[in-house]
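Written out below as structure tokens is the structure these notes cover.
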Amino acid sequence: MIKNDYIPFSSKILEVIKHTEIEFTFRMEYTADAKPGQFFEVSMPKYGEAPISISGIGENFVDLTIRKVGKVTDEVFEHYTGESLFLRGPYGNGFDVLDYESKEVIVVAGGTGLSPVRGVVEYFYNNPDKCESMTLISGFKSPDDILFSADLEKWKENMEVILTVDSAEEGSRYKTGLVTTYIPKLQIKDKNNVAVVVVGPPAMMRFSVKAFLDLGIAEENIWISQERKMCCGLGKCGHCKIGDVYVCLDGPVFNYVKGKELID
Amino acid sequence: MIKNDYIPFSSKILEVIKHTEIEFTFRMEYTADAKPGQFFEVSMPKYGEAPISISGIGENFVDLTIRKVGKVTDEVFEHYTGESLFLRGPYGNGFDVLDYESKEVIVVAGGTGLSPVRGVVEYFYNNPDKCESMTLISGFKSPDDILFSADLEKWKENMEVILTVDSAEEGSRYKTGLVTTYIPKLQIKDKNNVAVVVVGPPAMMRFSVKAFLDLGIAEENIWISQERKMCCGLGKCGHCKIGDVYVCLDGPVFNYVKGKELID
Amino acid sequence: MDINTKKLKKNAFRVTKVRGYTASRIRVPGGHLDVKFLPKIQEIADKFGNGTIHITSRQGFEIPGIPFEKMPEVNLALQSLIEGLEINQDAMNEGYPAAGTRNITACIGNKVCPFACYQTTAFAKRIEKAVFPHDLHFKVALTGCPNDCAKVRMHDFGIMGMTLPQLDPSRCIDCKACVNACKKKSVGALKTENYRPVRNEEKCIGCGECVLNCPNMAWTRSEEKYYRLTLLGRTGKKNPRLGEDFIKWVDEDSIIKIILNTYKYVTAYIDPRAPGGKEHIGYIVDRTGFDEFKKWAMEGVNLPKAAEVTDRIYWSGIKY
Amino acid sequence: MDINTKKLKKNAFRVTKVRGYTASRIRVPGGHLDVKFLPKIQEIADKFGNGTIHITSRQGFEIPGIPFEKMPEVNLALQSLIEGLEINQDAMNEGYPAAGTRNITACIGNKVCPFACYQTTAFAKRIEKAVFPHDLHFKVALTGCPNDCAKVRMHDFGIMGMTLPQLDPSRCIDCKACVNACKKKSVGALKTENYRPVRNEEKCIGCGECVLNCPNMAWTRSEEKYYRLTLLGRTGKKNPRLGEDFIKWVDEDSIIKIILNTYKYVTAYIDPRAPGGKEHIGYIVDRTGFDEFKKWAMEGVNLPKAAEVTDRIYWSGIKY
Amino acid sequence: MGYVLTTKQANEIFAELSTQYRLFAPKTFGNEGRYSDTGCVRYGEVTCVEDITFDKKSEYSFKEAILPVMQTLFYFTEREVTEPKVDDKKTMIFLRSCDIHAVKRLDEMYYKNGPKDYYYSLLRDNVKFVLIGCEQSFENCFCVSMGTNTTDHYDFSFCKAHDTYEINLKNTEFISLFEKVNASVMEVKVPFVTENDVKVQIPDGLKAKVTSSTIWDEYDSRCIACGRCNFVCPTCTCFTMQDMYYTDNGKVGERRRVWASCMVDGFTDVAGGGSYRKNYGQRMRFKLLHKVYDFKQRNGFHMCIGCGRCDDVCPEYISFSNCINKLPEALKEVDQL
Amino acid sequence: MGYVLTTKQANEIFAELSTQYRLFAPKTFGNEGRYSDTGCVRYGEVTCVEDITFDKKSEYSFKEAILPVMQTLFYFTEREVTEPKVDDKKTMIFLRSCDIHAVKRLDEMYYKNGPKDYYYSLLRDNVKFVLIGCEQSFENCFCVSMGTNTTDHYDFSFCKAHDTYEINLKNTEFISLFEKVNASVMEVKVPFVTENDVKVQIPDGLKAKVTSSTIWDEYDSRCIACGRCNFVCPTCTCFTMQDMYYTDNGKVGERRRVWASCMVDGFTDVAGGGSYRKNYGQRMRFKLLHKVYDFKQRNGFHMCIGCGRCDDVCPEYISFSNCINKLPEALKEVDQL
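Protein chains in written order, with the working numbering: chain V, 70 to 333; chain E, 70 to 333; chain L, 266 to 585; chain P, 266 to 585; chain Z, 1165 to 1501; chain X, 1165 to 1501.
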């Protein structure tokens, strides 16, 4: 008898960290392997499943930052006072930090795109010697939408953190403008020794990648993470297919050499 | 210039005698010739004309017994408080009492049919020697419809008067039954010396004539008076035509030899 | 020229505006015919008429310009059409035996139209066989679906095809095609509950849009054919009005029985002094009251279980 | 088989129930045609179809059973009919250029019918010339008199012939034929006063029964031809309804102008996402409000003096 | 004596005549037919020859020129009665042979049946008759059967011959009229019809008894009692009186007479609700026997002139001539009773 | 090895098989067509040979026998998750050559693309395939172009030949079945189609870049995004999960998977409102390239088996094969960019 991959397991909610009114990080009991960029199918039985990226990995937990934007996540928010959620996963390839070691690492995150790369940033924050340099450009819609603000503050200790909001009220303490505004201004020492990771909404990724290509960064030094509808996480349901890849199996992280073919 | 026969003359109302609720005799000032059975076109200008039989003739008057049954007569009743009515006539042949002299005269009148023959009856009442005998059968619908009741009482003096009503309440003092009931019971001395005058509604006339014929009375000894719509009284308007006769010119009194052809 | 106009009218000719000339009306029950009949129509128009025809609003051909004296010859020529079109006839070679009850019209129906719920022409012919010839002024029309291309609501009896949709939930993939189609093109009788369409039975008009739009055969048609029977619509000078629903989810047999019953009712109650002997049934119902009509109409009718009968109908329409 | 169904529909073919087969629809504007066209219809049905035709409820012939691949050949065969029936056409031998605006139907009119107040087919053809070809889903119908045999109140534009009766009192003999006819067969707009009929102008529907029934030519027809224009009747699944009066005593030129104006109005306001690109004008009027519609419709229209325009129309009908 | 006129000459004559006469002739009322886009040929005043319709039978007859549809007899104020003023212009009527025979019938009624009619005389005494010839019989005509196809009783004839007009003069008082315009003198023979498609044969032994035949019954259902046959008939003379007061002043009114029809409801209604001949077939019988039987009994010649207008106009296509031809059958029937 | 069966013998065999197998075959559902008075040929359980429709292509494919439209993955009560019981009867599917090739595509997805699918395996592992031969190509078939017109991968074949049934036996475990009914042994050759009216030519140098061609644009307006092409396709495998609780008891529910269509709205919707391929032409492109390009990129053979069911069913008469044949033109177009 083969394994039934569709049966979820129950995972205890260890902690709930509120970022914004609609964005909470659920710290879930979990002890097996996981990589940043991978995701779990999180489910509220009777309401459905949603693929949620791992935003943090600890000894006995994974962090799942959930945005209240769909039916399932609505239900999770509604019912999280329960002690546990059902999970399947982790699925997907995740980020391979080894690919970025020794390089000028530039991570560009749009909105909740910060969740999946948080693990990457955290890795180089914890291991600053493993890269040449580390830069994070993190953009949000408005000051109210900012996620992981404590982390963002903390990360400044040993990397450049460019926190920007699309727009803010007059006199705000935040930088404003799209993340792409800051890409051309980056001080790159050796454009052949750069590792760029771009995660966010489709348009933000497209323009950011273009900005890096314009800077002369080679396609093979750019990684992106694709977001698609994923029902199964198992390469079966078909929703996440782009061209000849299944995002759930082959992604969501793609080197841009492959990723460029996946514009849908 | 020829005479304009359409222009009516004004005639003073000398007296109004009420018979029933809807039957009054208007005694009109009139001095020229007139015969019983002739008629006047009586008009209320603006309301129209109606042919009314002469029900009585005096020195300076004619009696016109008017029944309130049509538009014009309604108006006459409505407005007779005025001093006069407009008249044209007399029209028609009328009864020729000479035809009946020396005979057993039998007059059968149905309802208002008594009006035109009233002059005939009156003539023989006043001249009882001018006939062999005189019988009047006068029928009415009900006791309330009886006309000329004073006359009927008076005439009994020197003629047989059979007054009958179609129906009456139990214990009424009137004979009941149709006039035809009484015809077979008549005591006729010489059926070749009889003059029968029948006036009344079409069906009453038809059945009465038949009763006399059955008694062996010859057609030439029977006279009827036809009632027809008559607009002009002058043989022009055509309404009173029956076969080749114009009732207004050639009638209304017809010997039954001619009259029998006039069943319409 | 001495012509009994009443007889010629019964004979499906008519008194026209042009003195001395008539027009022959060829009824086509259900409106569908083999083209082999066209040459005869052409011949009659060319030989006796003025070479033109009018396509009537009741699905017939009116051939104008025929001198009255040619009527017997036209009747002879019509014989093959009358037989070919399967018109009930008492005596051969004498043309149409009655023209009071009008041609039973029908939209093209499910021979061709995807929306139609039945073979309109076949049902029209069945009614034809049951009621013709008849002098009473009845108008019956059939339409395949509630789109009512045949405008049956302007007739005495409007027959509208319906299907009682059947859902096989195991084939439903929640694409919402049925719900959307019902909302946009029909009455919005479907909503989604638990990933499945739920049908508001009261609202559903049986148009079959759900079946037509279901990409996976989850919705299918009922084995039984159902109809909506509307009553006593009319055009005219006094009170044109839409026919109102009498029975929803009625069957063919009941419809035929109700029509035949109504002939009896009208025969019993028609105003004998009506102009031209024509009195719209609606006015008769006004006189006798709806309940009396209904009593006659429903005599011996066995409705299917699904049938919903209107208690009492109140018509509206335009009143001049 | 790769068929652009939208193109074929515009080309007056249709997607039928039978896979791979279409039906060709031959419009006959005003419903009247020379029988010399029948052999061509027969030929098309025999050669490309299944040898039958349906007489459509819009006065056309629908020829079913035509394989899709025969459409170009059918279009070639249709050319003589399209020309003969004087259909506006952009390019020869390509069949009908549009099928959105439906055939303009008409009762037989005063060619034949004593009641008709005008030549329906001629006016239908005039409108045809003014509006065709057009893809918008407009339905126009004409009827000769308020009997409305053409059921124009079920159309977007219903055109009903009227005559403004003229009384010559010196010829009236008070026979009451007009009063009785008006009462029994029409709206009772006449009463007798002083031996003469008096017409209630507000009530009178211009049917001409008084003229038809007057034995002495005391009543005659008006020199001018008048019409009642009714608006936005329809059948259908949501809210079948009778067209309501827009203008009483309107003239031909104004009607054509109003129709053309309405095309502009609909073009400006139609819901581009409507299923099949079809949205009944009535729903558009619901959206914009009647006053906006009226503003567009009446642009540049010069009504005759007698015309009575409805302030604002409220439709009713059956709501499912 | 005969003349041939050009159109111009003819119109000069019309102009001349118009000074003394109101000219009544059949003319086409373009849009006044019962049905839309149809006209009607009937009598009306004309002022030029082009106004006259020569090639059709008039639907209504000339009679309205001397026997108006509606004629005011007198006006009345509160207690006064006043006759209306009469136009002192004379009348000239253009009409066909049969219609000239009809004049004789009208005269018989209005001059002779009872006292001479005052109002009829007023008009009739001043009429001149102009004969229109008949090149050929029209539909439904049966003048030959009725012996009305020819006549000499006219003042002059006036016939259209292609683009000229031919005159046969009887009344010499009009000689100067034609001489004045230098009309070409010519022998002119008035065309008369000598045969009709429709023929009737009134049976010799006709008697009142045919009243009881069943031939009349079919008209009970066929006839609609509209009276058109009477109104178009040049020999129908019946009228009804109307008394009315003016809406604007109820004290003033008039009495008038208007045409009546023995076919129309109300003709025989007497006060109190009685009426005769309720069945339309009996009305048909009454009319028909009047025209071809009892009028002659009374006056010595038939009333019907065979113009066929009643057949032309009947909306129910009832044929009067056809009914006449049923009389032998009816006679046979009633003789067997 | 071959046999010829009488109908009686065939039905004895069906009876025998039915004890162990649910027999799935194309059958005619008499009144279940979209249009009134039409039927539908699709797969269903059969119990006798007469149930099987041999002479028509099934509108929907066999796939629902092993990949049900709707499949319950598990039930959940308040905190428990329970798998549904699986019928332990085996399945026998009657299908044509092209469809046997389709099985390979299903297997590729459900056995190989990612982990082996638990639910698919449950059914698929117990399936026997009975080949129905094709005497001739149906409309829209292009199996020859796709190389799916012949096959050896079946347990036995079952073809109707007039009033007998011919069997070509591959899987010897069924020998006894035929021997038991004393089936006549005979050489049996399964009929395969060797030519179709419809041919496609997938261009050799096909590449993802054709995505940007304009050939897809026409489908923006022609396609109505109903998904019929996917549902009838024997190689389409997409599904969507549904979690629901029972109306009668909100604490109990189930998770299931149901077929999904890449043509239908919602297929790519992500939480938060994003979606891809809004234009229907792009969905057509996605589907088509999957079938004849990128599936092969990933798995080494084409997904499309050329059964033409998508063309048969499209209410808008869009032809998939016709679109394939536009690819050379599209390639040329994008190469010029």
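The C-beta atom is built at its ideal place from N, Cα and C for all residues, glycine as well.
- In terms of Cα proximity to residue 1294 of chain X, the closest of X:1252, X:1226 and X:1232 is X:1226.
- With a threshold of 8 Å between beta carbons, residue 1192 of chain Z makes no contact with chain L.
- Excluding the 5 residues flanking it on each side, residue 530 of chain P has same chain C-beta neighbours closer than 7 Å at 558, 561 and 562, in chain order.
- Interface flag for residue 444 of chain L against chain X is unset, since no Cβ pair is found closer than 8 Å.
- Membership of residue 433 of chain P in any beta strand (DSSP E) is not indicated, and neither H nor E is assigned to it by DSSP.
- Taking C-beta atoms as the reference points, residue 305 of chain P and residue 277 of chain P fail to come closer than 8 Å.
- Chain-ordered listing is empty here: chain X has no CB closer than 9 Å to the CB of residue 493 of chain L, the nearest sitting near 15 Å.
- Contact of residue 268 of chain L with chain Z is assigned, a C-beta pair being separated by under 8 Å.
- As computed with DSSP, residue 79 of chain E is found in a beta bridge with E:155.
- Taking CB atoms only, residue 94 of chain E has no neighbour in chain Z less than 8 Å away.
- Beta-bridge annotation (DSSP): residue 458 of chain L is paired with L:461.
- With contacts defined by Cβ atoms closer than 8 Å, residue 200 of chain V and residue 209 of chain V do not form a contacting pair.
- In the displayed model, residue 107 of chain V falls within coil according to three-state DSSP, outside both helix and strand.
- For residue 1292 of chain X, the enclosing beta strand (DSSP E) covers residues 1291-1296.
- Considering only X:1256, X:1206 and X:1245, the residue with the shortest C-alpha distance to residue 1178 of chain X is X:1256.
- Residue 379 of chain L has a beta carbon lying within less than 8 Å of a beta carbon in chain X.
- Residue pairing from DSSP places residue 113 of chain V in a beta bridge opposite V:117.
- Every unbroken stretch of the beta strand (DSSP E) spanning 3 or more residues and falling wholly within the segment 491-558 of chain P is given here in chain order: 491-496 and 509-515.
- For residue 475 of chain L, the enclosing alpha helix (DSSP H) starts and ends at 474-478.
- Assignment of beta-bridge partners to residue 1423 of chain X by DSSP yields X:1403.
- Beta-bridge annotation (DSSP): residue 126 of chain V is paired with V:131.
- A buried status is given to residue 159 of chain E, since no fewer than 16 other beta-carbon atoms sit within 10 Å of its beta-carbon.
- For residue 292 of chain V, the uninterrupted beta strand (DSSP E) segment begins and ends at 291-294.
- By the Cβ rule, the segment 1377-1384 of chain X does not count as touching the segment 1197-1210 of chain X, because fewer than three pairs are nearer than 8 Å.
- Put simply, the backbone Cα of residue 284 of chain V is about 13 Å away from that of residue 250 of chain V.
- For residue 477 of chain L, the number of other beta carbons within 10 angstroms of its own is at least 16, and it is reported as buried.
- Shortest Cα-Cα distance from residue 536 of chain P to any of P:528, P:524, P:527 and P:549 involves P:549.
- Inter-residue distance for residue 575 of chain P and residue 1201 of chain Z is about 29 Å (C-alpha atoms, whole angstroms).
- Using a CB distance cut-off of 8 Å, residue 1406 of chain Z counts as an interface residue toward chain P.
- DSSP places residue 305 of chain L within a helical segment (H, G or I) once states are collapsed to three.
- For residue 337 of chain L, the enclosing alpha helix (DSSP H) covers residues 336-349.
- Distance from the CA of residue 546 of chain P to the CA of residue 1467 of chain X, rounded to the nearest whole angstrom, comes to 47 Å.
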